[in-house]
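K.L.:
In the working numbering, the protein residues as written are 6 to 948. My questions will all concern the structure given below.
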């Protein structure tokens, strides 16, 4: 509710300057620029390889099933694109990868002609719900896409196609998430998207979250409006303009049907989901944000204290508590050993602590998600087309929405049973008596958070459930489920690579915990045969940052949202909770959703963790010291933790030379381990989220900073560098197409090479940020949240928020220089290969032969046809002709002789024994070889 804020977060009411949202025209120009940069990129031939994982998935937003063949359906992922299956989910094909975004709010398919509509921009309004670019349409089943308008909509609630006229489409536009805008409401096209008519507009802060049609009468439509406003420090997900509307002319005109007729009205009306059985019978699933009536304590109930008691307790009342009763509260709630009745009472007597502090001590942003006493989930029903609504159940539907019902809000009715309904939250519930009673149909292999559900209109009990963990299918009405996770659509927040051989990758995912695997892990289905997936789970919750002790890879530091970090010993399985704790009476520390941690490279016993202050442990997190005052602007009134640190970095040149960045725009530096701090961001754009601060490994005075305006709907690309500890800054992001920047990474071997990840892809600079290249072969336009370089393997690992992890071999980039750029051609080092006697054969004639492939990386300064010759001493054993494009290229060699090369080699080496493989090729023997391109030469060895 608008006037309700969480007391634990009422830190400061300082005014923050309003940022301007990026206009639709600038977004269109940025997309056009990126398309041009991609075509002309010098690195467009350096490929990325997806390395999973697939065992856990990303958030599903919608499912559309072929009514004539339920083995075929499309699945839309919040930030992972659109996927198609023809075999009931056994395999999927991505079909949105050539589009300008992977962010989806809703999909609709005309199964008669194959036309697909995608409403871009997720509708969940969460902290990582990315904006879209309007409505995409494909008339060739996803081979090509056309944007048909509504560029400034940002988030789409629903798309409906008139089954009797495929040119007529209704769209519910939710609108901007972090700012007001006019392009929201209900839009209708009657010419396939060529033109749009706005048929319902409430105001510039209220959009449409749901529209549903009567199954046999498209003229009768019901729509749900939603008034919501998110800021970095607050989410207001309710308002008097949230309501239900009805149309009887296929969406041309609308009337409100939820006012003073049994359905809640006022500021506490939250998100509404709709399920229409027929013209008159409609269910509405409501997130009621009005406060619950305060429950009176039962005199006969337990006499134990709870934290609410201390919020109104006077000092005299507190001091009269028996030590036994107070100690019971302190021990039960996990207070540190130093806080026991006798000394806590002394602290209260002296005035250093107040009774309310014993409640505040237990509160943080994570617990408050579950503690806020709102009414929550409710189901309403009308039998007369919205003239009157009645709640279907008595009491509260507890443990379904908690305080974040805005994240769910979907309801379905069985087309064959007016009393059969399904509601989605945590968990998914089913009712067979019209919503009077419910049972859970979540099961052990189904993720807890449910987002969408398809109910077979012809076969009862056949369900497809989309959740935060992917996709599940049931044929017995939810009694049991199959898991359909094969697409790599994980939503990573962070990624890490250790120094093992082969190295391990680690990462934290949205609502899917922390996972790890060797970078060589296969993401196919072979693990189903062995029973062991190559990716292993380390922790649940929303997975966060990872640090690994370089001395002992079994020691891993990681955790979940709001700074709940652990030190894990993977060998013993022991987990030690290590979050720093404020002292009793001190304001609780504020921890960001993605709390930053850092192991010092100078001493791996030293760990840093950022709240609103910076904390340092000298003994692996067992004990903490706070080495700063508040490094933010002090927080802001709201229900989201704000005024928190978002990034920490320590210079590799000097222990104690530390930089921090905060979510409210401050960058700080200390040169003496926290003894004193200086603000170095005063000349940077104000108030933006500091997504990264990186101390250079090449120059002690150099530091990089990226700022992110996503939480202002400001999509500018803010990237800066300083060569004097932040006294002055240079903008090096001007040439990057507008998109919020999440991460910058300095190359580990080449001072001139930088990498930047944005909400719409990845870029690389070969000249310290003066110019940028789109870096995107096999990598779609997806949010890049984190980057890490494994220096031994010379790999760049990309953590995407929607398409799991990718890796690329960057050895050619690391070897690049201005001298090479000015040459006509240049061949980079070629990796050696180990001989295998099974080359050209397989263990069965029914399988493809094992064929080797050697990559030969090279650079040309203009597009042209090139010839690469392979020599054994002076004998040319093979030749490769290649159509090279300007920039980096890679030719692939199958390590075989051509006909002439084999003849010449045998003539020179009469005693050699060369056997033709089963695939009729003769492969090179062990030895040293060279490859030449013009006058450029590199050698390689077959061992």
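Yeah, the Cβ is synthetic: ideal placement off N, Cα and C, and Gly gets one too.
Just confirm the distance between the C-beta atoms of residue 57 and residue 526, as a whole number of angstroms; I'd bet it's less than 8 Å.
P.N.:
Yes, residue 57 and residue 526 are in contact; Cβ-Cβ is about 7 Å, under 8 Å.
K.L.:
Flag this pair as yes or no: are the beta carbons of residue 560 and residue 570 separated by less than 8 Å?
P.N.:
Contact flag unset, no.
K.L.:
Taking the C-alpha atoms as reference points, what is the distance between residue 650 and residue 568?
P.N.:
Near 11 Å, if we compare the C-alpha coordinates of residue 568 and residue 650.
K.L.:
Of all the options 927, 69, 248, which has the alpha carbon lying nearest to the alpha carbon of residue 841?
P.N.:
Nearest C-alpha to residue 841: 927.
K.L.:
Rounded to whole angstroms, what's the CA-CA distance from residue 25 to residue 444? Just pull it up for me.
P.N.:
Using only the alpha carbons, I get a separation of about 47 Å.
K.L.:
Out of 55, 43, 47, 30, state which residue places its alpha-carbon closest to the alpha-carbon of residue 800.
P.N.:
Of 55, 43, 47, 30, the residue nearest in Cα terms is 55.
K.L.:
If you pair each beta-carbon of the segment 868-881 with each one of the segment 931-939, do three or more pairs fall below 8 Å?
P.N.:
Touching, per the Cβ criterion.
K.L.:
Which of helix, strand or coil does DSSP assign to residue 77?
P.N.:
Note: residue 77 maps to coil in three-state DSSP.
K.L.:
Excluding sequence positions up to five away, which residues of its chain have a Cβ less than 6 Å from the Cβ of residue 245?
P.N.:
Contacts found: 271, 272.
K.L.:
Terminal residues of the continuous alpha helix (DSSP H) containing residue 2?
P.N.:
Residue 2 falls outside the range modelled here, since the chain spans only 6 to 948, and no answer is possible.
K.L.:
In the DSSP assignment, what residue or residues form a beta bridge with residue 252?
P.N.:
Beta-bridge pairing links residue 252 to 226.
K.L.:
Let's see if you can read the secondary structure: which residues bound the beta strand (DSSP E) around residue 451?
P.N.:
Neither: residue 451 is in no beta strand (DSSP E) and is coded neither H nor E.
K.L.:
Here's a check: name, in chain order, each residue in its chain whose Cβ is nearer than 6 Å to the Cβ of residue 550, leaving out the five neighbours to either side.
P.N.:
So the qualifying residues of the chain are 499, 602.
K.L.:
Output the boundary residues of the beta strand (DSSP E) element that contains residue 320.
P.N.:
Looking at the DSSP string, residue 320 is not in any beta strand (DSSP E); the run it does join, the alpha helix (DSSP H), is 320-324.
K.L.:
Mind checking residue 300: buried by the 16 CB within 10 Å criterion, or exposed?
P.N.:
With fewer than 16 other Cβ atoms within 10 Å, it is exposed.
K.L.:
With three or more beta-carbon pairs closer than 8 Å as the criterion, would you say the segment 64-80 touches the segment 97-116?
P.N.:
Yes, they touch.
K.L.:
From which residue to which residue does the beta strand (DSSP E) around residue 481 run?
P.N.:
Taken as a continuous stretch (DSSP letters only), residue 481 belongs to no beta strand (DSSP E), as it is neither H nor E.
K.L.:
Just to confirm, is the Cβ distance from residue 778 to residue 46 under 8 Å?
P.N.:
Contact flag set, yes.
K.L.:
Mind checking who residue 1 pairs with in its DSSP beta bridge?
P.N.:
Nothing can be reported for residue 1: it is not among the residues displayed for the chain, which extend from 6 to 948.
K.L.:
Are three or more beta carbon pairs between the segment 278-293 and the segment 332-343 nearer than 8 Å?
P.N.:
Flag = no, the segment 278-293 and the segment 332-343 do not touch.
K.L.:
Kindly indicate the opening and closing residues of the alpha helix (DSSP H) around residue 364.
P.N.:
Where residue 364 is concerned, the enclosing alpha helix (DSSP H) stretches over 362-365.
K.L.:
For the beta strand (DSSP E) holding residue 949, just list the boundary residues, first then last.
P.N.:
Any answer about residue 949 is impossible in this case: the structure gives the chain only from 6 up to 948.
K.L.:
If I measure Cβ to Cβ from residue 88 and keep anything under 6 Å in the same chain, skipping five residues before and after, which residues do I get?
P.N.:
Cβ within range, chain order: 80, 97, 99, 492.
K.L.:
Would you kindly check if the distance between the Cβ of residue 807 and the Cβ of residue 107 is under 8 Å?
P.N.:
The answer is yes: Cβ separation under 8 Å.
K.L.:
Given 7 Å as the limit, tell me if residue 221 has its C-beta closer than that to any heavy atom belonging to the ligand GTP.
P.N.:
For the ligand GTP, the structure offers nothing, since it holds no ligand at all.
K.L.:
Taking C-alpha atoms, which residue in 900, 905, 463, 923 lies nearest to residue 932?
P.N.:
Comparing Cα-Cα distances from residue 932 to each of 900, 905, 463, 923, the minimum goes to 900.
K.L.:
When the Cα atoms are used, what is the spatial distance from residue 506 to residue 434?
P.N.:
Distance between the alpha carbons of residue 506 and residue 434: 47 Å.
K.L.:
If you reduce the DSSP assignment to three classes, tell me which class residue 807 lands in.
P.N.:
Correct three-state label for residue 807: coil.
K.L.:
What does a CB cutoff of less than 6 Å around residue 765 pick up in its chain, not counting 5 residues either side in sequence?
P.N.:
Cβ neighbours of residue 765 beyond the five flanking positions: 744, 786.
K.L.:
Rounding to the nearest angstrom, what Cα-Cα distance links residue 361 and residue 241 in this structure?
P.N.:
Taking the straight line from one Cα to the other gives about 26 Å.
K.L.:
Cutting at 6 Å between CB atoms, please list the residues of its own chain near residue 391, excluding the five before and the five after it.
P.N.:
Counting only Cβ-Cβ distances below 6 Å, and skipping sequence neighbours, we find 251, 262.
K.L.:
Identify the continuous beta strand (DSSP E) that holds residue 671 and give its terminal residues.
P.N.:
Unbroken run through residue 671: none, as it is neither H nor E.
K.L.:
Would you say residue 528 and residue 543 are within 8 Å of each other, going by their C-beta atoms?
P.N.:
For residue 528 and residue 543, no; Cβs fall outside 8 Å.
K.L.:
Residue 895 bridges to which residues according to DSSP?
P.N.:
Looking at the DSSP assignment, residue 895 forms a beta bridge with 862.
K.L.:
In three-state terms, what does DSSP make of residue 130?
P.N.:
Residue state, collapsed to three classes: coil.
K.L.:
Can you give me the C-alpha to C-alpha distance between residue 400 and residue 59, rounded to a whole angstrom?
P.N.:
Taking the straight line joining both Cα atoms gives about 40 Å.
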